[in-house]
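Report on the following structure.
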Amino acid sequence: MRMINIFAIVGLRLVILSLCLFDGSAQDLHNKSPDLQTVLDDSWDKLPSGWILSNPPNETQVGREEIIEARITRNVTDELWNDLRGRGIPQLEKINKIGTRMKPELWSINDSFKIDPLFSPDTAERPIVGSFVQWEWKILPLKSGNQTLKLTVFAIIEIPPYKDHYVPVPVFEKIIRVKVNPFYTVESFLRTEWKWLITTIILPIVAFFIGRHFSKR
Numbered sequence: 000m001r002m003i004n005i006f007a008i009v010g011l012r013l014v015i016l017s018l019c020l021f022d023g024s025a026q027d028l029h030n031k032s033p034d035l036q037t038v039l040d041d042s043w044d045k046l047p048s049g050w051i052l053s054n055p056p057n058e059t060q061v062g063r064e065e066i067i068e069a070r071i072t073r074n075v076t077d078e079l080w081n082d083l084r085g086r087g088i089p090q091l092e093k094i095n096k097i098g099t100r101m102k103p104e105l106w107s108i109n110d111s112f113k114i115d116p117l118f119s120p121d122t123a124e125r126p127i128v129g130s131f132v133q134w135e136w137k138i139l140p141l142k143s144g145n146q147t148l149k150l151t152v153f154a155i156i157e158i159p160p161y162k163d164h165y166v167p168v169p170v171f172e173k174i175i176r177v178k179v180n181p182f183y184t185v186e187s188f189l190r191t192e193w194k195w196l197i198t199t200i201i202l203p204i205v206a207f208f209i210g211r212h213f214s215k216r
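Quick note: the sequence shown, position 33, residue 32 per numbering that gives the first Met the number 0, numbers continuous.
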C-alpha cells in the first residue's frame, strides 16, 4: 500500500511539473508572438504605392447627369487615359498605399448630389488586375451653388486568420459649381406636384367652365 502511495505522489508531481512547463512554454510563445497592431503596421509598410485617376466636373447644372470615373493603377501608362466616359478633366494623384484590394466611396455634403454607383455592391472591392482597376458613378446635381463631392478609397489589408482591415485614403474633396436649371426646376415641380395642381387649379377651372356652360343653357 505504501508503494502505491509513493507511485501516486510521484505521478501527481510529474503531472504538476508537466502543466507548469506547458504553461511556461505557452506564455513564452505568447510573449514572442507579435500583437495584431504590430502585424498590421508591418503589413501596411510593405504595401506598394500607386496612382488614382478621376474626372469630376468643375461645373454642371441642376438636373444634369454626369459620369464620374476612378481608376487605380500601380504604374501610369498611356492606357490609363483611354476611353474615359465622364466629361470632367482627368486628375492624376498619388496614392501612398495600395492594398490587397481597393474599395472606393463617393458621397456629397448635405446630399447635394444623387449618387448611383454603376456597379453592384458585391463588386465594390476589387484587386488591381491588369493595367488598372476602375469604378464608375452617375451623379445628379440636386442643388445649385458651390457643392462639395468627396472621394475616399479604402486600402484593404488581408492578415489571416484575422479579419480584413480597411484603411481610408482620402483622394479629393471637390467643389463643383452647380448652375440653376429653370427647365429642370419646372419639370421637377410638375413631376412631384401634379396631384396638387389637378386638385387645386385644373379641376376648379374645369368645373367653372362646365358650370358656365350649363348656366347659359
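Yeah, the Cβ is synthetic: ideal placement off N, Cα and C, and Gly gets one too.
*Limits of the unbroken alpha helix (DSSP H) element including residue 37*: Taking the first residue of the sequence shown as position 1, residue 37 is located at position 38. Looking at the DSSP string, the run of the alpha helix (DSSP H) that includes residue 37 is 35-45.
_What would DSSP say about residue 145, mapped onto helix, strand or coil?_
Position 146 of the sequence shown, counted from the first residue, corresponds to residue 145. Looking at residue 145 - three-state DSSP - the assignment turns out to be strand.
*Whose C-beta lies closer than 6 Å to the C-beta of residue 52 among residues of the same chain, with five residues either side of it excluded?*
Taking the sequence shown and counting its residues from 1, one reaches residue 52 at position 53. The answer, listed in chain order, is 70, 79, 89, 91.
*DSSP state of residue 104, grouped into three classes?*
Within the sequence shown, the letter at position 105 stands for residue 104. Strand.
*asked:* Among 63, 103, 172, whose alpha-carbon lies nearest the alpha-carbon of residue 181?
replied: Start at 1 with the first residue of the sequence shown, and residue 181 comes out as number 182. When only C-alpha atoms are compared, the closest one is 63.
_residue 49 - partner residues in DSSP beta bridges_ = By one-based count along the sequence shown, residue 49 stands at place 50. Answer is 94.
*asked:* Check this for me: beta carbons of residue 68 and residue 133, under 8 Å apart or not?
replied: Here residue 68 is taken as the residue at index 69 of the sequence shown, counted from 1. Here residue 133 is taken as the residue at index 134 of the sequence shown, counted from 1. The answer is yes: Cβ separation under 8 Å.
*Using DSSP with H/G/I as helix, E/B as strand and the rest coil, what is residue 78?*
By one-based count along the sequence shown, residue 78 stands at place 79. Secondary structure of residue 78 (DSSP, three-state): helix.
*Under 8 Å between the Cβ atoms of residue 47 and residue 73?*
By 1-based counting over the sequence shown, the position of residue 47 is 48. By 1-based counting over the sequence shown, the position of residue 73 is 74. The beta carbons of residue 47 and residue 73 sit closer together than 8 Å.
_On the DSSP bridge list, what partners appear for residue 113?_
In the sequence shown, residue 113 corresponds to position 114, counting from 1. In DSSP, residue 113 forms a bridge with 139.
_For residue 167 and residue 114, the rounded distance between their alpha carbons_ = Taking the sequence shown and counting its residues from 1, one reaches residue 114 at position 115. Taking the sequence shown and counting its residues from 1, one reaches residue 167 at position 168. So the alpha carbons of these two residues sit roughly 20 Å apart.
*In terms of DSSP beta bridges, what is residue 171 paired with?*
Within the sequence shown, the letter at position 172 stands for residue 171. Within the DSSP secondary-structure output, residue 171 pairs in a beta bridge with 150.
*asked:* Quick check on this structure: which residue in 154, 175, 162 has the alpha carbon closest to the alpha carbon of residue 169?
replied: One-based indexing of the sequence shown puts residue 169 at position 170. Residue 154 is the option with its Cα nearest to residue 169.
*DSSP three-state assignment for residue 72, whether helix, strand or coil*: Position 73 of the sequence shown, counting from 1, holds the residue named residue 72. Three-state DSSP puts residue 72 in a strand.
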